[in-house]
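**Q** Using UniProt numbering, read the sequence shown as starting at 1 and increasing by one per residue.
Ideal Cβ placement from N, Cα and C applies to all residues, glycine included.
Source: prediction; values computed, not measured.
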Amino acid sequence: MNLSPSVAPSRPLHILHITQPVDGGVARVVTDLMRAQLDDGLHVTVACPDGGLASGLKALGADVRHWQATRSPGPTLVQEVRNLRRVLADERPDLVHAHSAKAGLAARLAVRGRIPTVFQPHAWSFEAVGGVTASLALRWERWGARWADRVVCVSEAERVTGERAGVRAPWRVIANGVDPGRFRPAALGAVRAGIPLLSGLGADTPLVVCVGRLCRQKGQDILLAAWRSVVRQVPGARLVLVGDGPDAGALRALAPDGVLFAGAAQDAVPWYQAADLVVLPSRWEGMALAPLEAMACGRPVVATDVDGARESLPSGQEPVPAEDPTALARTVTRLLLDPPLRESLGHLGRRHILTNHDVRHTAGAVTDVYLELLGDGSGTEGEGAALSGRAPRSASVEHTPCGETTEYRESIHS
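1. Just to confirm my understanding: we take residue 109, look at its own chain, exclude 5 residues before and 5 after, and list those with CB closer than 7 Å. What are they?
2. For a test of the three-state rule: what should DSSP assign to residue 261, helix, strand or coil?
3. Do the region 304-313 and the region 278-291 make contact, defined as three or more Cβ pairs closer than 8 Å?
4. Can you give me the Cβ contacts of residue 265 inside the same chain, cut-off strictly under 8 Å, excluding the 5 residues immediately before and after it?
5. Counting along the chain, where does the alpha helix (DSSP H) carrying residue 241 start and finish?
6. Thinking C-alpha only, which one of 160, 35, 118 is nearest residue 149?
7. Do residue 300 and residue 420 count as a contact pair if the criterion is CB distance below 7 Å?
8. Going by alpha carbons, who is nearest to residue 140 out of 126, 153, 131?
9. Mind checking which residues open and close the alpha helix (DSSP H) that includes residue 106?
10. Take residue 24 as the anchor and find which of 135, 217, 322 has the nearest alpha-carbon.
11. Does the pairing of the region 15-30 with the region 97-111 give three or more beta-carbon distances under 8 Å?
12. Could you tell me the distance, in whole angstroms, from the CA atom of residue 298 to the CA atom of residue 369?
13. Buried or exposed, going by whether 16 or more other CB atoms sit within 10 Å of the CB of residue 11?
14. For residue 65, which of 162, 57, 220 has the nearest alpha-carbon?
15. CA-CA distance, residue 77 and residue 348?
16. Measuring straight from C-alpha to C-alpha, what distance separates residue 13 and residue 43?
17. At the level of alpha carbons, what is the spacing between residue 319 and residue 79?
18. Buried or exposed for residue 326, please, with buried defined as at least 16 other CB atoms from any protein chain shown within 10 angstroms of its CB.
19. Pair every Cβ in the region 29-48 with every Cβ in the region 353-373, then say whether three or more of these pairs are closer than 8 Å.
20. Can you name, in chain order, every residue of its own chain whose Cβ lies under 6 Å from the Cβ of residue 228, other than the five neighbours on each side?
21. Quick one: is residue 86 buried, meaning 16 or more other Cβ sit within 10 Å of its Cβ, or exposed?
22. Report the option in 205, 247, 253 whose CA atom is closest to the CA atom of residue 236.
23. Taking all protein chains shown into account, decide if residue 143 is buried (16 or more other Cβ within 10 angstroms of its Cβ) or exposed.
24. In its own chain, which residues sit with a C-beta less than 7 Å from the C-beta of residue 147, not counting the 5 before and 5 after it?
25. Helix, strand or coil: which one does DSSP assign to residue 139?
26. Ends of the beta strand (DSSP E) at residue 117?
27. Please say whether residue 209 and residue 309 have beta carbons closer to each other than 7 Å?
28. Across which residues does DSSP place residue 210 in a beta bridge pair?
29. Excluding the 5 residues preceding and the 5 following residue 278 in the sequence, name in chain order all residues of the same chain whose CB lies nearer than 8 Å to its CB.
30. Go ahead and label residue 313 buried or exposed: buried means 16 or more other beta carbons lie within 10 angstroms of its beta carbon, across all protein chains shown.
31. Could you check what DSSP says for residue 19 in three-state terms: helix, strand or coil?
32. Output the residue ranges of the alpha helix (DSSP H) runs that lie fully inside the region 253-306 and measure 4 residues or longer, sorted by chain position.
33. Which whole runs of the beta strand (DSSP E) in the region 321-347 are 3 residues long or more, in chain order?
34. With 16 as the cutoff for other CB atoms within 10 Å, does residue 15 come out buried or exposed?
35. Would you tell me roughly how many angstroms separate the C-alpha atoms of residue 254 and residue 226, rounded to the nearest one?
36. Using DSSP's beta-bridge definition, name the partner residues of residue 65.
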């Protein structure tokens, strides 16, 4: 189903996105990407389970095909692949773009190289689990790479992780982006006054915000361990955890006085705008949206030194060691006690987003990948981009498979 390089499309490219049940950052990435692709005139269809993502994409004007699927492989996988084949037969897309590990598994089994296929892991599954499950996930990613014409990683570190783990694929690194028009600076005091949970807090109350799913990956337990030291040195400081998840009950039990739980937020923008400081204490990441969104709002960010989070920071801003409450407390305290430094970092972060993480650049780089694959199948950047009349974008970096196969992370094999 490849297009000849000498023939421009006579109709909009038909892209089928396939996604498992997702929430949080991955759902926002998929939504932002599809919004931009619809604006660019592509014919966009998504196969996904019913839920918030499906409803949001329908509201954008995307064609949504119901595809019942679970988050993890199991006995339902065979039927899920069969159902996906029916969707493919009905839609006859020009290209398939699969998001996250489970959808990437089902999509590649259903397509098996017969249609150009892009796989985007959004963080590797074999890093999130352990034992036999991690070993099986890694074996699949190595074997299934043969059926991906491009593997799109959201950070260079994510690509290196895959390559060193033995996943040999035609890589493309395209950093996540956010909408700087939606995520923008605002007066802190006015924003706080409009949030009921913060109605009693004045503009001079030091406020730290952490936005993310309440789960082990996001490391809120590490932030809570650090918080006791912070409030001893910054009396009156408050911490808000924005999000929901499987660890909500355990985190509430750990939380000292002065910690607020906001629950899941449909719109995180006011929380970023209300913060003096935004913290990402993650144990691992692909490339989290929270620090990008916070910087777009002009707020300083503290992030841990893990893949993806490290690359999201402006040049010269150092992350803190992961799983180190003492180092995290020291950095948070220093910034809360230094308003001029916070203001400077906020301005720096906003400029960084405008230059490097505008979602329009991200979406354009993804579309360029599609055009390369549909143009001539050679993967040569420029020939495919020429189909759209655009110069190749600088938002992405291409890598061919290289290096020796190594298994270098404890999380890959227990």
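**A** According to the structure shown:
1. So the qualifying residues of the chain are 81.
2. Three-state DSSP puts residue 261 in a strand.
3. Segments in contact, yes.
4. Excluding positions up to five away in sequence, the list reads 211, 242, 243, 271.
5. Taken as a continuous stretch (DSSP letters only), residue 241 belongs to no alpha helix (DSSP H), being part of the beta strand (DSSP E) at 238-242.
6. Of the candidates 160, 35, 118, the one whose C-alpha sits nearest the C-alpha of residue 149 is 118.
7. Absent from the structure is residue 420, since the part of the chain shown begins at 1 and ends at 414.
8. Nearest C-alpha to residue 140 among 126, 153, 131: 126.
9. Segment 101-111, the alpha helix (DSSP H) holding residue 106.
10. Closest option to residue 24, Cα to Cα, is 217.
11. By the criterion of at least three beta-carbon pairs nearer than 8 Å, the region 15-30 is in contact with the region 97-111.
12. Taking the straight line joining both Cα atoms gives about 31 Å.
13. Result: exposed.
14. Looking at the Cα atoms, 57 is the closest of the given residues.
15. One C-alpha to the other measures close to 46 Å.
16. About 6 Å.
17. When rounded, the distance between both Cα atoms is 44 Å.
18. Exposed.
19. With three or more CB-CB distances shorter than 8 Å, the region 29-48 counts as touching the region 353-373.
20. Result list for residue 228: 256, in chain order.
21. Around the CB of residue 86, fewer than 16 other CB atoms lie within 10 Å, so the residue is classed as exposed.
22. The closest CA to that of residue 236, considering only 205, 247, 253, is found on 205.
23. With fewer than 16 other Cβ atoms within 10 Å, it is exposed.
24. Only 108, 111, 112, 113, 117 meet the Cβ criterion.
25. Helix, per DSSP.
26. Membership of residue 117 in the beta strand (DSSP E) is indicated by the continuous run 117-120.
27. Against a cut-off of 7 Å, the Cβ pair of residue 209 and residue 309 comes out as no contact.
28. According to DSSP, residue 210 shares a beta bridge with 241.
29. Around residue 278: 208, 209, 210, 211, 272, 290, 291, 294, 299, 300, 301, 302.
30. Per the 10 Å Cβ criterion, buried.
31. Residue state, collapsed to three classes: strand.
32. Residue ranges of uninterrupted alpha helix (DSSP H) with 4 or more members, entirely inside the region 253-306 and ordered along the chain, are 269-274, 289-296.
33. DSSP runs (the beta strand (DSSP E)) wholly in the region 321-347: none.
34. When all chains shown are included, residue 15 counts as buried.
35. When rounded, the distance between both Cα atoms is 11 Å.
36. Bridge partners of residue 65: 47.
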